[in-house]
Amino acid sequence: MSQGPSATGGLASSKRWPPGWWPAAAALVAVLIIVAIVVVAQTNSDTAGAGAKSSTVDRPADTTPVSAVWSIPKSFLGQWRGGANDGSRGFEVELTVKPGKNSEELVAWSQTEKTSGNRCERVGRVVTVDETELTLAVRPIGGADCGDDGKPSAIQLQPDGSMLYRAGASTGTLHRP
């Protein structure tokens, strides 16, 4: 018998794969998959302990993670003024929101305690954005009476055009001047 082209278009050969090669190949693939899973799991457990597992952005002076990148809605932009209190003291608040994207320090405000006159100045990095609320990570930049640092702060637009202000224990309502 001659060896010529086979029905599949290749040369017929007396050499074939050894018997049982499929189970060996499948076992090799399974071992490689298991090794890959173990390596990925080990990498994730190493970074989880360091707090770096998330895909968020951290800043050295402020470790509050940023959710996503969004532009600040125009309805927040500009100057706002009003009063706030923390349950025992009253404050005059002045707040300015600049255009930009979250993860930037776009909110500047001052808070003056009415009785003592102590003034605290802060900046806020926008952490989350939606159409009616900005959540902020705040840090003081000067002045006195800047308690509650590191606590979540938020500004929320109200249906009447005012803005609800929450910073630590202080809450208040702000209006455009």
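Numbering (my numbering), first residue to last: 2 to 178.
Note that CB positions come from ideal geometry on N, CA and C, so glycine has one too.
Bridge pairing for A109: T97 and V124 [DSSP]. A168 is classed as buried because its beta carbon has at least 16 other beta carbons within 10 Å across all chains shown.
In this model, A145 and G125 are separated by some 17 Å (Cα to Cα). The straight-line gap separating the alpha-carbon atoms of T116 and G91 is approximately 8 Å.
Annotation: I38 to V127 spans about 37 Å, alpha carbon to alpha carbon. DSSP lists E122 as the bridge partner or partners of G143. Beta-carbon to beta-carbon, L175 and W81 are separated by about 4 Å, close enough to satisfy the 8 Å threshold.
Take A42, set aside five residues on each side of it, and no residue of its chain has a beta-carbon closer than 8 Å to its own. The beta carbons of W110 and V130 sit about 17 Å from each other, so the pair does not count as a contact at 8 Å. Taking 8 Å as the cut-off, the Cβ atoms of G88 and G173 do not count as close.
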